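Asks: Have a look at the structure that comes next, please.
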Amino acid sequence: MSSIAPILERNTGKIRFGVDDVKPAVDRLPTIFARSQFEQILTTPLLAFSHEDTFETIAAREIHPLALAVHTAFSEHRPLVLTPDIIWLTIAQGLAQHINNHAAELRANFVSHQGKEKLVAEIDNLPTLPTQWAEIIEQWTLQLRDRVGADVYRLMECNFSTTTSITRIASHVVMMDAFQKYFDFVVMCVCGIPEISLLGTVADWQSIYDRVASLERYNLGWWTARLLPICQEFINTAVGKPDRDFWQCIYKPQPVYGAEYMTGWLADLFPYLRHGVTKSPTLRNHILALDRCELPPKEGDEDRLAFLFGRPNNGVALTALPLGISQVDFKLTDRSTTLELELIGGFIGIHQDSQGILQPEIGWGVREQTDGFSQLLDRIQQEHQTEPPLDWSSTRFDSIPRELVQMLERFDGANLYVDRDRAWRILPAHLWVEYCKYDDKLPANFCYFVINPVIDLSDGRSIAYNFNFRSQKCWFLVGNKEDEFASSKLIATSAIELFERILAADGAYYFDDPNFQHSIDI
70 MSSIAPILER NTGKIRFGVD DVKPAVDRLP TIFARSQFEQ ILTTPLLAFS
120 HEDTFETIAA REIHPLALAV HTAFSEHRPL VLTPDIIWLT IAQGLAQHIN
170 NHAAELRANF VSHQGKEKLV AEIDNLPTLP TQWAEIIEQW TLQLRDRVGA
220 DVYRLMECNF STTTSITRIA SHVVMMDAFQ KYFDFVVMCV CGIPEISLLG
270 TVADWQSIYD RVASLERYNL GWWTARLLPI CQEFINTAVG KPDRDFWQCI
320 YKPQPVYGAE YMTGWLADLF PYLRHGVTKS PTLRNHILAL DRCELPPKEG
370 DEDRLAFLFG RPNNGVALTA LPLGISQVDF KLTDRSTTLE LELIGGFIGI
420 HQDSQGILQP EIGWGVREQT DGFSQLLDRI QQEHQTEPPL DWSSTRFDSI
470 PRELVQMLER FDGANLYVDR DRAWRILPAH LWVEYCKYDD KLPANFCYFV
520 INPVIDLSDG RSIAYNFNFR SQKCWFLVGN KEDEFASSKL IATSAIELFE
570 RILAADGAYY FDDPNFQHSI DI
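Numbering-wise (my numbering), the sequence shown opens with residue 70 and increments by one.
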């Protein structure tokens, strides 16, 4: 029988209660500036950021900040703060992933147009301040509201008693992420935890319950069935009856310690997990298909040992969770200049207050796109014949170069320069057959390697790649499948270099030029 957790503090919009009988940590965790850490995670500088440059978060890892905050609070005995915004933004990002994963199937639920409609935000001058970027985001989301409907807009927006301007804007970025398969966005210048504090009113948490209940219409009954009991416990806690057993199971039930797999109800907030190769949240969370009453297995169950040693199908690895960042591409046009930019919103890290209490932090930012390969893929799709993207749920790959992952997410096969004597056929992934090659001219560590043909040429030759997972280096060679590439030639050391050369040569087999040579850099 469950028991009511001891209430330590209660006032309007806040209840603080004890969870586990552990001694709270007294030392504060080291912190760093949130902006510099977020830029390090994104690997590019930000043009705008929601928080002050002096705002600090604890050191991050490549783990969703909500899961990392709960993990840190649980394993290091630190207090935790949760808000309606934190929980709803996590759920809304799950909805966005579902819509992006099933865009064609769900299109009629949200829009009536075909293809992608352009949504234009008009400004007088190039934005330099976060407030100016916020106004642009507001223009886009109001246009989205007019097209997808006010009900969907209200469903996805954070508008709770705890909502700030920052969290509201971040929820708007999530909304844009959800519908980016239907719209293009353009800016135009015409001219174990000791205690938890649950913030928010009962009405806030009831609103989340009602929103979750409405998600079933989008073919999400398999997820909402697990979310609704959790949402009810949030309501019960806000009313003043926190179920201690429930909150002790937020992360992973005792006595399961060690490996960073979580089996608690927090795992149910994530409908999709990251694919091992693409790192995109396209894999349905397997834990949602398991009976929660059987997590973890009971004492004596034959699966308990496998469970304790972290067998993945009994829990969710923290590294498999999405990172909690929503991203939307857009164009900013100022007279004759067009900038390729990206809007980012979601969880930026974990804030620690003066008393050492942890809280996942929501924010947003703007950065310039530096992905030249993405622009090459845009050009291929615009100028050549391409096939639909790869269905990653049925693939056999363990690891492939990041650029080829990007390509397969755009198209799984293409025909380039079909009207020329020398055409290029990019093979669909299921035809990428492995060949083992030996080259005694290479250093010993590299003389024996595996290659995968990815492009067939009209003269019978093929282009294959070799990928070294440890060094992340990729070579492209031209040769013949008939002799298993016994005689081959290095023609590029990255997918970007290969496609740049193909397009620059206007389809000519540039590597046949007698003056072409490529030095090997291992």
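Even glycine gets a Cβ: it sits at the ideal position worked out from N, Cα and C.
These figures come from a predicted structure and were not determined experimentally.
Let's test the definition: count the other Cβ atoms within 10 Å of the Cβ of K187 and tell me whether it reaches 16, buried, or not, exposed.
Replies: Flag for K187 reads exposed.
Asks: Have a look at S531 and E503 and give me their C-alpha separation to the nearest angstrom.
Replies: Rounded to the nearest angstrom, the two C-alpha atoms are 13 angstroms apart.
Asks: Looking at the unbroken alpha helix (DSSP H) that takes in S395, where does it start and where does it end?
Replies: Per DSSP, S395 belongs to no alpha helix (DSSP H); it is in the beta strand (DSSP E), 394 to 403.
Asks: Is C258 near D403, with beta carbons less than 8 angstroms apart?
Replies: Yes, Cβ-Cβ distance for C258 and D403 is below 8 angstroms.
Asks: Report the residue ranges of all beta strand (DSSP E) runs contained in full by the region 414 to 499; include only those spanning at least 3 residues, in chain order.
Replies: Listed in chain order, they are 427 to 437, 483 to 485, 493 to 495.
Asks: E553 to I565, Cα distance in whole Å?
Replies: If I take the Cα positions, the gap works out to 25 angstroms.
Asks: Tell me which residue opens and which closes the beta strand (DSSP E) that V256 is part of.
Replies: That run of the beta strand (DSSP E) goes 252 to 258.
Asks: Closer than 8 angstroms by C-beta to A561: which residues in its own chain qualify, once you throw out the five before and the five after it? Chain order, please.
Replies: W544, F545, L567, R570, H587.
Asks: Could you spell out the range, first to last residue, of the alpha helix (DSSP H) harbouring I571?
Replies: 564 to 573 is the extent of the alpha helix (DSSP H) around I571.
Asks: Please report the residue range of the alpha helix (DSSP H) in which S283 lies.
Replies: Start and end: 271 to 283.
Asks: Could you give the uninterrupted runs of the alpha helix (DSSP H) lying entirely in the region 216 to 256, keeping only those of 4 residues or more?
Replies: With a minimum length of 4 residues, the continuous alpha helix (DSSP H) runs that stay inside the region 216 to 256 are 219 to 225, 234 to 247.
Asks: Exposed or buried, H420, counting other C-beta atoms within 10 Å across all chains shown (16 or more means buried)?
Replies: Under this definition H420 is a buried residue.
Asks: State the DSSP-derived secondary structure class of N169, mapped to helix, strand or coil.
Replies: Helix.
Asks: Taking only three categories from DSSP, how would you classify G576?
Replies: Of the three classes helix, strand and coil, the one that applies to G576 here is coil, per DSSP.
Asks: Going by beta-carbon coordinates alone, are L496 and V519 separated by less than 8 angstroms?
Replies: Their beta carbons are not under 8 angstroms apart, which means L496 does not touch V519 by this criterion.
Asks: When you compare the CB positions of A103 and G418, do they come within less than 8 angstroms of one another, or not?
Replies: Contact: yes.
Asks: Pop quiz: L180 and R216 are said to be a contact at Cβ under 8 angstroms. What is the actual Cβ separation, rounded to whole angstroms?
Replies: For clarity, residue 180 is Val in the given sequence; the question names Leu instead. The pair is a contact, with the Cβ atoms about 6 angstroms apart (cut-off 8 angstroms).
Asks: Whole alpha helix (DSSP H) runs in the region 114 to 199 with 4 or more residues, listed along the chain?
Replies: 134 to 145, 153 to 170, 172 to 179, all fully within the region 114 to 199.
Asks: Buried or exposed: K321, going by 16 or more other Cβ atoms within 10 Å of its Cβ?
Replies: K321 is buried by the Cβ-count criterion.
Asks: May I have the straight-line CA-CA distance separating I356 from E145, to the nearest angstrom?
Replies: The alpha-carbon atoms of I356 and E145 are separated by roughly 25 angstroms.
Asks: Where does F554 sit, in a helix, a strand or coil, going by DSSP?
Replies: The answer is coil: DSSP assigns F554 none of H, G, I, E or B.
Asks: For the pair the region 154 to 170 and the region 191 to 202, tell me if three or more CB-CB distances fall below 8 angstroms.
Replies: With a cut-off of 8 angstroms, the region 191 to 202 and the region 154 to 170 do not count as touching, because too few Cβ pairs lie within range.
Asks: Decide yes or no for the touch test of the region 298 to 307 against the region 257 to 276: beta carbon pairs closer than 8 angstroms, at least 3 of them.
Replies: They touch, by the three-pair rule.
Asks: So which of R280, C318, L268, K250 has the shortest CA-CA distance to S71?
Replies: Of the candidates R280, C318, L268, K250, the one whose C-alpha sits nearest the C-alpha of S71 is C318.
Asks: Taking the beta carbon of G345 as the centre, do at least 16 other beta carbons fall within 10 Å, making it buried, or is it exposed?
Replies: So G345 ends up on the exposed side.
Asks: Look at the Cβ atom of I160, then the Cβ atom of L296, and state whether they are nearer than 8 angstroms.
Replies: Yes, the Cβ-Cβ distance between I160 and L296 is below 8 angstroms.
Asks: To the nearest whole angstrom, what separates the beta carbons of V629 and I205, a pair I think is in contact under 8 angstroms?
Replies: The requested residue 629 is not part of the displayed model; the chain covers only 70 to 591.
Asks: Determine the direct distance from the alpha carbon of I73 to that of G369, and round the result to whole angstroms.
Replies: Confidence in G369 is poor, its pLDDT being 43 and thus under 50, which makes the residue's placement too unreliable to answer from.
Asks: For Q301, which residues of its own chain have a beta-carbon under 7 angstroms away from its beta-carbon, when the five flanking residues on both sides are left out?
Replies: Here the set comprises Y278.
Asks: Is the CB-CB distance between P391 and Q106 below 8 angstroms?
Replies: No. Outside cutoff.
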